[in-house]
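Undergrad: Note that UniProt numbering has the sequence shown beginning at 9, numbered continuously upward.
Cβ atoms here follow ideal geometry from the backbone N, Cα and C, with glycine treated the same way.
This one's a predicted model, so the numbers in the text were calculated from it and none came from an experiment.
Submitted below is the structure of interest, expressed as structure tokens.
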Amino acid sequence: KKRIFSAIQPSGDITLGNYLGALKNWVSLQDSYDCIFALADLHTITVRQKPADLRHHTLNAYALLLACGIDPKRSLFFLQSHVPAHSQLAWILNCYTQFGELQRMTQFKDKSKKHADNVNAGLFTYPSLMAADILLYQTDFVPVGEDQTQHLELTRNIAERFNNAYSPTFTLPAAFVGKEGKRIMSLQDPSHKMSKSDENVNGCVYVLDKPDDIMRKFKRAITDSEASVHYGEGKDGINNLMEIYSCITGETFDQIEHDFSGKGYGDFKAAVGEAVIEHLRPIQERFAQYSSDRDYMEQYWNDGAEKAARIANRTLQKVMKKVGFIPPH
Ligand code: ATP
Ligand code: MG
Numbered sequence: 009k010k011r012i013f014s015a016i017q018p019s020g021d022i023t024l025g026n027y028l029g030a031l032k033n034w035v036s037l038q039d040s041y042d043c044i045f046a047l048a049d050l051h052t053i054t055v056r057q058k059p060a061d062l063r064h065h066t067l068n069a070y071a072l073l074l075a076c077g078i079d080p081k082r083s084l085f086f087l088q089s090h091v092p093a094h095s096q097l098a099w100i101l102n103c104y105t106q107f108g109e110l111q112r113m114t115q116f117k118d119k120s121k122k123h124a125d126n127v128n129a130g131l132f133t134y135p136s137l138m139a140a141d142i143l144l145y146q147t148d149f150v151p152v153g154e155d156q157t158q159h160l161e162l163t164r165n166i167a168e169r170f171n172n173a174y175s176p177t178f179t180l181p182a183a184f185v186g187k188e189g190k191r192i193m194s195l196q197d198p199s200h201k202m203s204k205s206d207e208n209v210n211g212c213v214y215v216l217d218k219p220d221d222i223m224r225k226f227k228r229a230i231t232d233s234e235a236s237v238h239y240g241e242g243k244d245g246i247n248n249l250m251e252i253y254s255c256i257t258g259e260t261f262d263q264i265e266h267d268f269s270g271k272g273y274g275d276f277k278a279a280v281g282e283a284v285i286e287h288l289r290p291i292q293e294r295f296a297q298y299s300s301d302r303d304y305m306e307q308y309w310n311d312g313a314e315k316a317a318r319i320a321n322r323t324l325q326k327v328m329k330k331v332g333f334i335p336p337h
């Protein structure tokens, strides 16, 4: 079986963008791949977090991923900070990553504008930690949204450079961007992607939002003045709603245009809201069960971390030997 690695940051409440762009795909990939999933809590502190918030978001994300269908009996599912090899390899890879390469990363440019008061070195070297996450597990495929393809390209470059400088060490990972949901935009500003850490909560639908809130957010979504449901240029808002509707219902854009021809945006927005609410309902119910059972979660994240560390340490030891470090025993 080919191996998959992917991770999500516990940096806020999980959005519909995360779900459609990543989590929904992760769940179905478990059938055909050897899957490793992590909560990237080390990445999360690149933006200042209140400790209580980080704990809360981590616990919630773990329970929510279980509720979405991540199955820890089939897949490894752990917290990044529980496996020290991630930090250890990240340091080494930092020394094989150029300043100029990191400077070109659009996520760094966006986030350093957004958090101008805290442009820390971790935010800058975020991609070398992400490279370590992926390369430690000899990953074949990394399912991500479109926002992460640049980071993945850099990961490949770092891996290739290391392999060429020494000898084949890392598997070169390929991006696995789903056909649908690769980039869900904010409902309030469809030129920006929906993000967990966005301060405009009306632009984000959260997977755990109450049905009334979901409907209200869709009804207020920014559209255009044309009042015709079809996919087209200058219709970012409607395009985004069609993308969401299509991901949830499986309908093609042609079908949607046909079903809503002659109908107004109000009807369409209500239909999208209703479809999302019904899709999320069972996930929310399962979340309520998992999140109240800390022991259950603990058993799986401990087991996941132990197994992950065994795989990760094999790669780390190879790397350290090739670089020239003397093994401790
Ligand atoms: P943050 O604002 O803290 O960066 P985020 O919402 O961007 O949070 P991440 O934890 O960075 O979420 O990414 C988790 C996964 O979700 C990644 O695979 C990423 O590609 C995907 N993803 C994030 N935002 C979207 C989006 N708007 N549409 C589709 N996929 C997305
Ligand atoms: Mg992000």
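Report all residues from its chain with a CB closer than 7 Å to the CB of Gln196; omit the five preceding and five following residues, and keep chain order.
TA: Your numbering for residue 196 matches position 188 in the sequence shown. Correct list, in chain order: Asn208, Asn210, Gly211 and Ile230.
Undergrad: Just mark Thr260 as buried or exposed, buried being the case when its beta carbon has 16 or more other beta carbons within 10 Å.
TA: Numbered from its first residue, the sequence shown carries residue 260 at position 252. Classification for Thr260: exposed.
Undergrad: Mind checking Phe107: buried by the 16 CB within 10 Å criterion, or exposed?
TA: Looking up residue 107 in the sequence shown gives position 99. Exposed: under 16 other Cβ atoms inside 10 Å.
Undergrad: Residues in its own chain within less than 7 Å of Val35 by CB, not counting five upstream and five downstream?
TA: By 1-based counting over the sequence shown, the position of residue 35 is 27. Excluding residues within five positions, the ones whose Cβ falls inside 7 Å are Cys76, Gly77 and Ile78.
Undergrad: Could you pull out every residue in the same chain whose Cβ sits closer than 6 Å to the Cβ of Asp206, ignoring the five residues on either side in sequence?
TA: Along the sequence shown, one-based indexing puts residue 206 at 198. So the list reads Cys212, once near-sequence residues are dropped.
Undergrad: Do you know how far the Cα of Ile192 is from the Cα of Tyr239?
TA: Here residue 239 refers to the residue found at position 231 of the sequence shown. Here residue 192 refers to the residue found at position 184 of the sequence shown. Approximately 15 Å, taken between the alpha carbons.
Undergrad: Using the C-alpha atoms, what's the distance from Phe86 back to Asn102?
TA: As a working note, residue 102 is residue 94 in the sequence shown. As a working note, residue 86 is residue 78 in the sequence shown. Whole-angstrom Cα-Cα distance: 24 Å.
Undergrad: Going by the beta-carbon positions, is the gap between Thr66 and Pro18 smaller than 7 Å?
TA: In the sequence shown, residue 66 corresponds to position 58, counting from 1. In the sequence shown, residue 18 corresponds to position 10, counting from 1. The answer is yes: Cβ separation under 7 Å.
Undergrad: With a 10 Å radius around its C-beta and 16 neighbouring C-beta atoms as the bar for buried, classify Thr114 as buried or exposed.
TA: As a position in the sequence shown, residue 114 is number 106, starting the count at 1. Burial call: exposed.
Undergrad: Do you know offhand how far Leu47's Cα is from Gly272's?
TA: Along the sequence shown, read from residue 1 onward, the residue named residue 47 stands at position 39. Along the sequence shown, read from residue 1 onward, the residue named residue 272 stands at position 264. Between Leu47 and Gly272, the C-alpha separation is close to 41 Å.
Undergrad: Report whether the distance from the Cβ of Ala93 to the nearest heavy atom of the ligand ATP is below 6 Å.
TA: Along the sequence shown, one-based indexing puts residue 93 at 85. Ala93 Cβ: outside cutoff for every heavy atom of the ligand ATP.
Undergrad: Going by DSSP, what residues sit across from Ser14 in a beta bridge?
TA: Position 6 of the sequence shown, counted from the start, is the residue given in the question as residue 14. Answer by DSSP bridge pairing, in chain order: Phe45.
Undergrad: Looking at C-alpha atoms only, which residue of Ser89, Tyr70, Arg169 and Thr147 is the closest neighbour of Pro181?
TA: Numbered from 1 along the sequence shown, position 173 holds the residue referred to as residue 181. Out of Ser89, Tyr70, Arg169 and Thr147, Thr147 has the C-alpha closest to the C-alpha of Pro181.
Undergrad: Less than 7 Å between C-beta atoms, sequence neighbours within five positions excluded: which residues of the same chain meet that for Met202?
TA: On the sequence shown, position 194 is the one that residue 202 refers to. Answer for Met202: Thr23, Leu24, Gly25, Ile192, Met193, Ser194, Gly211 and Cys212, listed in chain order.
Undergrad: Nearest to Arg322 by CA position, among Tyr308, Gln96, Ala60 and Gln292, is which residue?
TA: Numbered from its first residue, the sequence shown carries residue 322 at position 314. When each option's Cα is compared against that of Arg322, the closest is Gln96.
Undergrad: Measuring from the CB of Gln156, is there a heavy atom of the ligand ATP at a distance below 6 Å?
TA: Position 148 of the sequence shown, counted from the start, is the residue given in the question as residue 156. The answer is yes for Gln156.
Undergrad: For Ser299, which residues in the same chain have their Cβ closer than 6 Å to its Cβ, ignoring the five residues on either side in sequence?
TA: Position 291 of the sequence shown, counting from 1, holds the residue named residue 299. Within the same chain, Ser299 has close Cβ partners Ala71.
Undergrad: Note down the Cα distance separating Lys10 from Ala317, rounded to an integer number of angstroms.
TA: By 1-based counting over the sequence shown, the position of residue 10 is 2. By 1-based counting over the sequence shown, the position of residue 317 is 309. About 19 Å.
Undergrad: Check whether the Cβ of Ala30 sits closer than 6 Å to any heavy atom of the ligand ATP, and report yes or no.
TA: The residue labelled residue 30 in the question sits at position 22 within the sequence shown. Under cutoff, so the answer is yes.
Undergrad: Taking buried to mean at least 16 other C-beta atoms within 10 Å of its own C-beta, is Gln111 buried or exposed?
TA: To locate residue 111, count along the sequence shown from 1; it is residue 103. Under this definition Gln111 is an exposed residue.
Undergrad: Within the same chain, show all residues whose beta-carbon is closer than 7 Å to that of Thr105, passing over the 5 residues directly before and after it, in chain order.
TA: Here residue 105 refers to the residue found at position 97 of the sequence shown. Closer than 7 Å at the Cβ level, and outside the excluded window around Thr105, lie Ser136 and Ile166.
Undergrad: How many angstroms separate the CA atom of Glu282 from the CA atom of Met223?
TA: By one-based count along the sequence shown, residue 282 stands at place 274. By one-based count along the sequence shown, residue 223 stands at place 215. So the alpha carbons of these two residues sit roughly 7 Å apart.
Undergrad: Can you give me the C-alpha to C-alpha distance between Leu288 and Arg294, rounded to a whole angstrom?
TA: Reading the sequence shown from its first residue, position 280 is the one you call residue 288. Reading the sequence shown from its first residue, position 286 is the one you call residue 294. Roughly 10 Å separates the two Cα atoms.
Undergrad: Does the distance from the C-beta atom of Gly153 to that of Lys190 stay below 7 Å?
TA: In the sequence shown, counting from the first residue as 1, residue 153 sits at position 145. In the sequence shown, counting from the first residue as 1, residue 190 sits at position 182. Yes, Cβ-Cβ distance for Gly153 and Lys190 is below 7 Å.
Undergrad: Look up Thr177 in the DSSP assignment and say whether it is helix, strand or coil.
TA: Along the sequence shown, one-based indexing puts residue 177 at 169. Coil.
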